[in-house]
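Input: a single structure, listed below in structure tokens.
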Amino acid sequence: MSVISKRILVTGGAGFLGSHLCERLVAAGHDVLCVDNYFTGRRENVAHLIGHPRFEIMRHDVTFPLYVEVDEIYNLACPASPIHYQHDPVQTTKTSVHGAINMLGLAKRLRAKILQASTSEVYGDPQVHPQREGYWGHVNPIGYRSCYDEGKRCAETLFFDYHRQHRLRIKVARIFNTYGPRMHPQDGRVVSNFIMQALAGEPITIYGDGSQTRSFCFVDDLIEGLIRLMETPDEVTGPMNIGNPVEMTIKELAEAVIDLTGSSSKLVHKALPQDDPIQRQPDIGLARSALGWEPQVALRDGLSKTISYFRALREELDAAGRV
Ligand code: NAD
Ligand code: UDP
Ligand code: UDP
Numbered sequence: 001m002s003v004i005s006k007r008i009l010v011t012g013g014a015g016f017l018g019s020h021l022c023e024r025l026v027a028a029g030h031d032v033l034c035v036d037n038y039f040t041g042r043r044e045n046v047a048h049l050i051g052h053p054r055f056e057i058m059r060h061d062v063t064f065p066l067y068v069e070v071d072e073i074y075n076l077a078c079p080a081s082p083i084h085y086q087h088d089p090v091q092t093t094k095t096s097v098h099g100a101i102n103m104l105g106l107a108k109r110l111r112a113k114i115l116q117a118s119t120s121e122v123y124g125d126p127q128v129h130p131q132r133e134g135y136w137g138h139v140n141p142i143g144y145r146s147c148y149d150e151g152k153r154c155a156e157t158l159f160f161d162y163h164r165q166h167r168l169r170i171k172v173a174r175i176f177n178t179y180g181p182r183m184h185p186q187d188g189r190v191v192s193n194f195i196m197q198a199l200a201g202e203p204i205t206i207y208g209d210g211s212q213t214r215s216f217c218f219v220d221d222l223i224e225g226l227i228r229l230m231e232t233p234d235e236v237t238g239p240m241n242i243g244n245p246v247e248m249t250i251k252e253l254a255e256a257v258i259d260l261t262g263s264s265s266k267l268v269h270k271a272l273p274q275d276d277p278i279q280r281q282p283d284i285g286l287a288r289s290a291l292g293w294e295p296q297v298a299l300r301d302g303l304s305k306t307i308s309y310f311r312a313l314r315e316e317l318d319a320a321g322r323v
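In terms of full-length UniProt numbering, the sequence shown has 62 at position 62, counting the first letter as 1, and numbering is strictly consecutive.
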């Protein structure tokens, strides 16, 4: 099948998800412009694409206007892990809100289609389980996670207002916990923490009693879902949950990591962060019917690939004297 080549902007393209998305879009024959301020992203994540004739990278902060010419925009710029988004919470809100305004303004001038990387965090600490798109959420507006949750909620509002007011073609994906190669080893997210701890033989830090649940999606599945959503007819706007519905407790995840790494690490318990959601599981009925999509990669297979990535990264850092 021949592909019509498009010019596609990926903001946050040097981050974990963004780098996989850039790779997929370049491989599909598109011209990709990756924009990133390198707050949590790294040039190494896209090093293999630099020099490719269809790939371009630009250092830029999306809280400032951006004038480029593209056909489609994937707006992923925003730190995603709690320690990173809480490091400078005002900048986090600005990135979500001013970043959305600028990217929507760009899309409006170009009549370009635009996809927003929203999050399951718009549901907060959900009282409805599993979470469906129609659920309005249970979010603390003034807590430590609010800069991220409320910033993303406001970005969704802006997307739907630009859609209604300016007839913009929008797609809103609510992404649930995703893991895989190129996660930042020190970003404090549970999968990267547990694997790095297990490989180092250090204690595995379970926050609280470990009975809280998450549903983990492998990155390749997630990227496939985002690309399919972008390609839907104009009347499909979302919001649409994209994630893996297989729910597990954090303690079960720790046990799986220990098993797959063969580590002798012990489990230790630490305080549960404030407003940490107790349960999270996507209802992906809408994605199944609208995209014909569902995750293909089982947790143990995805974890094995991620463990191999972190093993190689540790060896690299070791050789460079950085661990
Ligand atoms: P990440 O931190 O690896 O990537 C975010 C990227 O955005 C980084 O490269 C960072 O440098 C860049 N960035 C941050 N602020 C910026 C700014 N002001 N201007 C330009 N670039 C900026 O995180 P990720 O996991 O790849 O997440 C990507 C997107 O997906 C985020 O919007 C996040 O909220 C969303 N998301 C991710 C998950 C997940 O589990 N990974 C879940 C829900 C939503
Ligand atoms: N913008 C941008 N690139 C463009 C067009 C607009 O970054 O190509 C930004 C610009 O900073 C503007 C924002 O997007 O403030 C919102 O644009 P919109 O057209 O909605 O509003 P206005 O220009 O009236 O503020
Ligand atoms: N968590 C944990 N140990 C860690 C890091 C995280 O027990 O070393 C827990 C955290 O409290 C939360 C879950 O794992 O309940 C997922 O955390 P993460 O930061 O990865 O994502 P989010 O809370 O944003 O879903």
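Every residue, glycine too, gets a C-beta built ideally from N, C-alpha and C.
- Distances from the CB of Val90 to the heavy atoms of ligand 3 are all 7 Å or more.
- DSSP places Lys171 in the strand class (E or B) of the three-state scheme.
- Judged by DSSP in its simplified three-state form, Leu9 adopts strand.
- The beta carbon of Lys108 lies closer than 8 Å to those of Tyr162, His166, Leu168 in the same chain, with the five residues before and after it left out.
- Per DSSP, Met183 lies in no beta strand (DSSP E) segment and is marked neither H nor E.
- In summary, Thr157 is exposed, with fewer than 16 beta-carbon neighbours lying within 10 Å of its beta-carbon over all protein chains present.
- Remark: the shortest separation between the CB of Thr40 and any heavy atom of ligand 1 falls under 7 Å.
- Cα atoms of Leu226 and Lys305: separation of roughly 21 Å, rounded to the nearest angstrom.
- Counting C-beta pairs with one atom in each stretch, the region 7-25 and the region 49-63 have three or more that are closer than 8 Å, which means they touch.
- Proximity to Ile278 across Arg43, Gly18, Gln131 peaks at Gln131, based on C-alpha coordinates.
- Apart from the 5 residues on each side of it in sequence, Ser96 sits with its Cβ closer than 6 Å to the Cβ of Cys78, Gly151, Lys152, Ala155 in its chain, given in chain order.
- The beta carbon of Leu199 lies closer than 8 Å to those of Thr261, Ser263, Ile307, Phe310, Arg311, Arg314 in the same chain, with the five residues before and after it left out.
- Distance from Leu115 to Ala173 at the Cβ level is roughly 6 Å; contact confirmed, criterion being Cβ atoms closer than 8 Å.
- Here Asp275 has Asp125, Asn140, Gly143, Tyr144, Arg145 as same chain residues with Cβ atoms under 7 Å from its own Cβ, once five neighbours each way along the sequence are excluded.
- If you draw a straight line from the Cα of Leu222 to the Cα of Arg322, it is about 31 Å long.
- DSSP places Lys113 within a strand segment (E or B) once states are collapsed to three.
- At least one heavy atom of ligand 1 is found less than 7 Å from the C-beta of Asp36.
- Distance from the CA atom of Lys251 to the CA atom of Lys270, rounded to whole angstroms, is 13 Å.
- According to DSSP, Gln131 shares a beta bridge with Pro282.
- Taken through DSSP and simplified to helix, strand or coil, Phe176 comes out as coil.
- Nearest to Phe64 by alpha-carbon distance, out of His87, Leu49, Glu44, Ala100, is Ala100.
- A residue is called buried when at least 16 other Cβ atoms come within 10 angstroms of its Cβ; Tyr179 meets this threshold and is buried.
- Not one heavy atom of ligand 3 lies closer than 7 Å to the C-beta of Ile175.
- The criterion of a C-beta distance shorter than 8 Å is not satisfied by Gly188 and Pro282.
- Rounded to whole angstroms, the separation of the alpha carbons of Leu33 and Tyr74 is 10 Å.
- The C-beta of Lys171 has 16 or more other C-beta atoms within 10 Å across all chains shown, which makes the residue buried.
- In the DSSP annotation of this structure, the continuous segment of the beta strand (DSSP E) that includes Asp31 starts and ends at 31-36.
- Arg280 is the residue among Val3, Arg280, Gly292 whose C-alpha sits nearest the C-alpha of His129.
- Per DSSP, the continuous beta strand (DSSP E) segment holding Phe55 begins and ends at 55-59.
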